[in-house]
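Undergrad:
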Amino acid sequence: MRDIFFDLSVRSVRLNYLRSILASIGIVIGVIAISTMGMLGTNMQLETKDQLSAGADTVVITPDAVRMGPPGSSTTSSTASSVITKTQLLKIKQAAGSNASNIIPVYSTNTEFTLSSIPGRGMIYGIDPDHITEFLTIENGTNIVGANDALVGSTIATNFNLKLGSRIKVGSSTSGSRSEVKIVGILKERGQAADSVRTDNAIVVSDDWYVKEYGGKDEYPQVNVIVKNVDNITGTEELITAKLNTNAKTPVVRISDASTQLSSITSTLSTMTTFILAIGGISLLVAATSIFNVMMMSVTERVQEIGILLSIGTETGEVRRMFLYEAFILGIIGAGLGGIGSLVIGYSVVSYMIGTTEYFFLPDSIVYIPAGVLIGIVVCIISGLYPAWRASNMDPIDALRSE
Amino acid sequence: MADTPLIRLVDVSKVYHLEAGDFTALDHVSLDIMENDFVALMGPSGSGKSTMMNQLGILDVPTSGELYIAGRNVAGMTNLERTHMRRDTIGYIFQKFYLIPLLSAYENVEYPLILKYKKRDTTGKATALLEAVGIDKEMSAHRPTQLSGGQQQRVAVARALVNEPKILLCDEPTGNLDRRTGYQIMDILCGLHKDGKTVILVTHDPKIAEYAHHTIRLEDGRIAES
C-alpha cells in the first residue's frame with residue numbers, strides 16, 4: 001500500500017518542483033564534493049602504497065647527517081659524514097651477510113642538463129649497470145653497456161620528447177666542459193619509490209661515468225640492501241644498526257625501509273584526505289541550510305493544510321512523517337544525482353590528478369559514492385527535523401485561521 | 001442511557017490571555033446536547049460561537065469547567081486520545097470547506113478512513129458517500145480547486161461522514177455558498193440528522209437556523225437564550 005503521507009510529500013515536491021530542484025542541487029554538489037574528494041585521497045593513498053610496496057624488500061641506508069653540499073665536496077655536519085664510505089659499505093655487507101640478496105650502492109646528485117638547447121634540471125643517479133635491472137625496469141631500449149650510455153625516467157622522456165639515441169649534455173651550463181650521454185633506455189614509471197631512488201624525472205648513468213664526472217669514488221649518498229626474505233627485514237636492520245651505529249647517541253647511518261616510509265606517507269595522505277573531505281563537508285553544510293530553508297518555506301506555505309490535517313484527526317507523528325518524507329525525497333533526488341555525478345566527475349578528477357584509474361573501482365575508493373549518497377540523504381533528513389517538528393506542533397485553530 | 005447527554009458542558013469557561021488583558025470568550029457555560037439533537041448556535045460576532053465549536057471539536061480545551069463528549073471528560077484525555085476522538089466521533093464541516101488541496105475529491109473523502117484503518121479504502125465507501133452527496137466518479141477525480149464551492153462543500157460533507165461519526169459540527173456550512181446551494185447542503189444535513197446523527201450548526205442566517213430543532217443564542221460568551 002502506498003502511504004498517503006508519502007503521496008502528499010511527493011505531490012508537494014512536484015508542485016514546487018523548481019524550488020525543490022534548486023534545493024537538491026546543493027545536495028548534488030555536496031555529495032559530489034565529498035565523494036570525489038574522498039575517492040581522490042584514497043586513490044592517492046592506494047597508488048602510493050602500491051608504489052612503496054614494490055620496494056618492500058629494500059632497506060635503505062643513508063648517512064645520518066644533513067648533506068650540505070654535493071657528494072665529494074665533504075661539506076658536512078661536524079658529527080657525521082655526508083656519505084657512506086667504503087669501510088661502512090664493507091661493514092654493511094658483513095652485517096647483512098646471507099640475509100641480503102644484493103647490496104647496491106647508489107651515487108646521486110642534482111644536475112643541470114641540456115637537450116637541443118632546452119635546459120632542464122633533475123637528479124642523476126650513478127649505479128653499477130649490473131645492479132640496475134635488479135630494481136629498475138627498463139620499459140623501452142636496453143641497459144647501459146657503453147661508457148656514455150644512460151637511461152632516463154618516463155617523465156623526463158615525455159617532457160623532453162626523448163627517444164632512444166637522443167643525446168643529453170649533462171652538467172652546469174656555465175661550466176666550460178660538459179659531457180654528453182646517449183639514451184639507450186627509458187625506465188618504467190616508479191613514482192614515490194620506497195628506496196628513494198626516484199627515477200621518473202632523473203637520468204641514470206653507470207657508476208664509473210658518474211665518478212669520472214662528479215668524483216667522490218666510494219662515497220655513496222645511499223646504499224640499498226635488498227633482502228632475500230621480507231620477513232627478515234627487521235632482523236637485517238638490527239644487524240646493520242649493531243654494526244654501524246655502535247654509539248646510540250651519535251648514529252652514523254640512518255636505516256629505513258618501505259614500512260616506515262609507508263606509514264609516514266600514508267599518515268600524511270590520510271590527514272590530507274580528511275582535510276579535503278572537510279572542505280567537501282562544508283558544501284554539504286551549505287546544502288543542508290538550503291534544504292532547511294526550503295522545508296521551512298514548505299511548512300509556512302502549508303500552515304492551513306496542516307491545520308486541516310490536524311483538525312480532522314491526523315496524529316502529530318503523521319504530520320511529522322509527511323514533512324520528513326519531503327526532506328527524504330529531496331535527499332533521494334539530490335544524493336542520487338550526486339552519486340551519478342560523483343562517478344563521472346570522480347573518475348575524471350582521479351584520472352586527471354593521479355594519472356591512473358586502476359584503483360578507482362576498488363572497494364576502498366568506490367565506497368565513497370554510496371557513503372556520500374547516504375550522508376546526503378541523512379543531511380536532508382536532519383535538515384527536515386526541525387521544520388517537521390514545527391509543523392506537527394502547530395495549534396490547529398491558529399493554523400486553520402492562517403490564510 | 002438514552003438520558004445521558006452526548007455532549008455535556010459543565011460551567012465551561014475559556015479565557016484568552018492577550019497582551020491587552022484577559023478576554024473571556026466563554027463564560028461559565030453549562031449545556032447538554034442529547035444524541036440525535038439538531039442544534040443551531042447563533043449570536044453576533046465575538047459572542048463565542050467559534051470558541052464553543054473549537055471546544056466541541058476538541059481542538060481546544062476549557063480554561064475551567066468540564067466538557068464531556070460521548071461520556072468522556074476531555075480534560076483527562078491525552079493529545080493522542082483527543083486526536084482519535086476527532087477522527088472517530090466527530091465530523092467537522094467548515095465554512096471554507098478546508099479540503100486538502102493536494103488530494104483529489106475522492107482522496108479527500110478516503111483520507112479519514114486511511115487515518116483510522118491505516119489502509120486505503122477497498123470497500124468503496126468513499127465512492128458511495130460521494131455519490132450520495134451528488135459527486136459523480138468523474139468529478140471525484142478532480143482536485144478541490146477544480147470544483148465549485150457547492151461541490152467542495154459536498155465533498156467536505158462526505159469526508160465528515162466517512163468514519164461514521166456520532167456528531168456533526170457544522171461551522172457556517174452555507175456561509176460561502178449561494179442560497180440555492182446552501183439549501184441543498186442543508187437538505188443533506190437534515191437527511192443525516194434523520195439517519196441519527198447529532199448535528200450542531202453555527203449560523204448567522206435565521207432561515208438556516210430554522211432547520212434546527214432548537215437554537216442556542218450566545219452573547220458575550222454566555223447563553224442568552226436556549
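Here the protein sequences line up with chains A and B, keeping their order. Under the working numbering, the residue at position 264 of the first sequence is numbered 264, and the numbers go up by one with no gaps. Under the working numbering, the residue at position 173 of the second sequence is numbered 173, and the numbers go up by one with no gaps. C-beta: ideal position from N, C-alpha, C; glycine also. These figures come from a predicted structure and were not determined experimentally.
If you run the structure through DSSP and keep just helix, strand and coil, what is M77/B?
TA: coil
Undergrad: Whose Cβ in chain A lies nearer than 7 Å to the Cβ of P112/B?
TA: I312, G313
Undergrad: Helix or strand or just coil, what does DSSP make of G124/B?
TA: In the structure shown, G124/B adopts coil according to DSSP, grouped into three states.
Undergrad: Could you list the residues in the segment 8–33 of chain A with a C-beta less than 8 Å from some C-beta on chain B, going in chain order?
TA: L8, R11, S12, L15
Undergrad: Please compile the residues from chain B whose C-beta is within a distance smaller than 7 Å of the C-beta of I4/A.
TA: Y111, I114
Undergrad: Measure how close the beta-carbons of V162/B and L113/B come, nearest whole angstrom, since I'm counting them as under 8 Å.
TA: 5 Å
Undergrad: Name the chain B residues whose beta carbon is nearer than 7 Å to that of P396/A?
TA: L59
Undergrad: Name the DSSP bridge partner or partners of E66/B?
TA: As computed with DSSP, E66/B is found in a beta bridge with V10/B.
Undergrad: The beta strand (DSSP E) with W62/A in it runs from where to where?
TA: Looking at the sequence shown, residue 62/A is not Trp but Thr. Here the beta strand (DSSP E) through T62/A covers 58–63.
Undergrad: Does the distance from the CB of V184/A to the CB of T142/A come in under 9 Å?
TA: yes
Undergrad: Report the residue from E172/B, S140/B, G46/B whose alpha carbon sits nearest the alpha carbon of F23/B.
TA: G46/B
Undergrad: Using a beta-carbon distance cut-off of less than 9 Å, what residues from the segment 84–95 of chain B approach chain A?
TA: H84, M85, R86, R87, D88, I90, G91, Y92, F94
Undergrad: Do you know offhand how far I21/A's Cα is from G334/A's?
TA: 8 Å
Undergrad: Is there a C-beta anywhere in chain B that falls below 9 Å from the one on T316/A?
TA: yes
Undergrad: Under 7 Å between beta-carbons, which chain A residues line up against N54/B? List them in chain order, please.
TA: Per Cβ cutoff of 7 Å: I397.
Undergrad: Helix, strand or coil: which one does DSSP assign to L129/B?
TA: helix
Undergrad: Interface residues of chain B around I354/A at Cβ under 9 Å?
TA: The premise fails here: I354/A is roughly 49 Å from chain B at the closest Cβ pair, so nothing lies under 9 Å.
Undergrad: Between Y98/B and chain A, is there a C-beta pair that is closer than 9 Å?
TA: Cβ-Cβ to chain A under 9 Å: yes for Y98/B.
Undergrad: Assign F97/B to one of three DSSP states: helix, strand, or coil.
TA: Three-state DSSP puts F97/B in coil, outside helix and strand.
Undergrad: If we count the other Cβ atoms within 10 Å of its Cβ and call it buried at 16 or more, is S154/A buried or exposed?
TA: Buried.
Undergrad: Report yes if the CB atom of V227/A is closer than 9 Å to the CB atom of D57/A, and no otherwise.
TA: Yes, they are a contact pair.
Undergrad: So with CB distances below 8 Å, who are the chain A contacts of P101/B?
TA: What P101/B touches in chain A, judged by beta-carbon distance under 8 Å, is E305, going in chain order.
Undergrad: Could you check whether the Cβ of L309/A sits closer than 9 Å to any Cβ belonging to chain B?
TA: yes
Undergrad: What residues in the segment 66–82 of chain B bring their beta carbon closer than 9 Å to a beta carbon of chain A?
TA: N79, L80
Undergrad: For A391/A versus R320/A, is the C-beta distance shorter than 9 Å?
TA: yes
Undergrad: Hey, out of E318/A, L337/A, R178/A, I382/A, whose CA is closest to D3/A's CA?
TA: E318/A
Undergrad: Assign M39/A to one of three DSSP states: helix, strand, or coil.
TA: helix
Undergrad: Exposed or buried, which one is G91/B when buried takes at least 16 other CB atoms within 10 Å?
TA: buried
Undergrad: Quick one: using the 10 Å Cβ neighbour count with 16 as the cut-off for buried, is E107/B buried or exposed?
TA: buried
Undergrad: Counting only beta-carbon atoms, is Y386/A nearer than 9 Å to chain B?
TA: no
Undergrad: Could you tell me the alpha carbon to alpha carbon distance between G246/A and T137/A, rounded to whole angstroms?
TA: For the record, residue 246/A in the displayed sequence is Thr; it is not Gly. T246/A and T137/A: Cα-Cα distance of roughly 36 Å.
Undergrad: Using CA atoms only, rank isn't needed, just tell me which of V13/A, K169/A, S383/A, N16/A is closest to I118/A.
TA: Of the candidates V13/A, K169/A, S383/A, N16/A, the residue whose Cα lies closest to the Cα of I118/A is K169/A.
Undergrad: To the nearest angstrom, report how far apart M68/A and K212/A are at their CA atoms.
TA: Only weak support exists for where M68/A lies, its pLDDT of 42 falling under 50; the coordinates are left without a value.
Undergrad: Tell me whether K194/B is buried or exposed, calling it buried when 16 or more other Cβ atoms sit within 10 Å of its Cβ.
TA: Using a 10 angstroms sphere on the CB of K194/B, the tally of other CB atoms stays under 16, which defines it as exposed.
Undergrad: Can you tell me whether Q152/B is buried or exposed? The criterion is at least 16 other CB atoms within 10 Å of its CB, across all chains shown.
TA: buried
Undergrad: Only counting the same chain, and skipping five residues up and downstream in sequence, which positions put a Cβ closer than 8 Å to that of F97/B?
TA: Cβ within range, chain order: P144, G149, Q152, Q153, V155, A156, N176.
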